[in-house]
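In the numbering used here, the protein residues as written are 520 to 638. What follows is a single structure, written as structure tokens, with notes after it.
Rendered as structure tokens:
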């Protein structure tokens, strides 16, 4: 059971890391089981599980209903855990050195708001 949980959690974290790295939203408008587009997180997890038999078994067949690790609260907690880890790595890398933070926000040609953060 522990191995299956580890496979399940690793798949969930892989999907989380991918979405964060690409700056994509997690949630969709309709995340019900019969929706055609359940949002990036659930759709990518389904796609990933279709390409890996071990993940398919742990995510779709053996995971108990109360331990799916796909609720909006869990998604938010995973994203926050990744953010804390990234912050820790940056702070460890900087150490006692001086640093500056520059944030710039503007709209691009398609009127989409863009933000750049430089450390």
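Each residue gets a CB set at the ideal place from its N, CA and C atoms; glycine is no exception. Small disclaimer: the values here were computed from a predicted structure and weren't measured.
Pick out whichever of the options has its Cα sitting closest to the Cα of residue i.
i, options, result
"residue 533", "551, 574, 558 and 547", "574"
"residue 524", "548, 588, 541 and 557", "588"
Tell me residue i's beta-bridge partners as DSSP assigns them.
i, result
"residue 634", "624"
Expressed to the nearest angstrom, what Euclidean distance is found between the alpha-carbon atoms of residue i and residue j?
i, j, result
"residue 551", "residue 565", "13 Å"
"residue 618", "residue 638", "7 Å"
"residue 570", "residue 546", "22 Å"
"residue 599", "residue 592", "11 Å"
"residue 621", "residue 558", "32 Å"
"residue 615", "residue 625", "32 Å"
"residue 606", "residue 526", "26 Å"
Using a Cβ-Cβ distance under 9 Å, would residue i count as near chain D?
i, result
"residue 597", "Among the protein chains of the structure shown there is no chain D, as only one such chain exists."
Rounded C-beta distance between residue i and residue j? I'm assuming under 8 Å.
i, j, result
"residue 601", "residue 563", "No, residue 601 and residue 563 are not in contact; Cβ-Cβ is about 15 Å, not under 8 Å."
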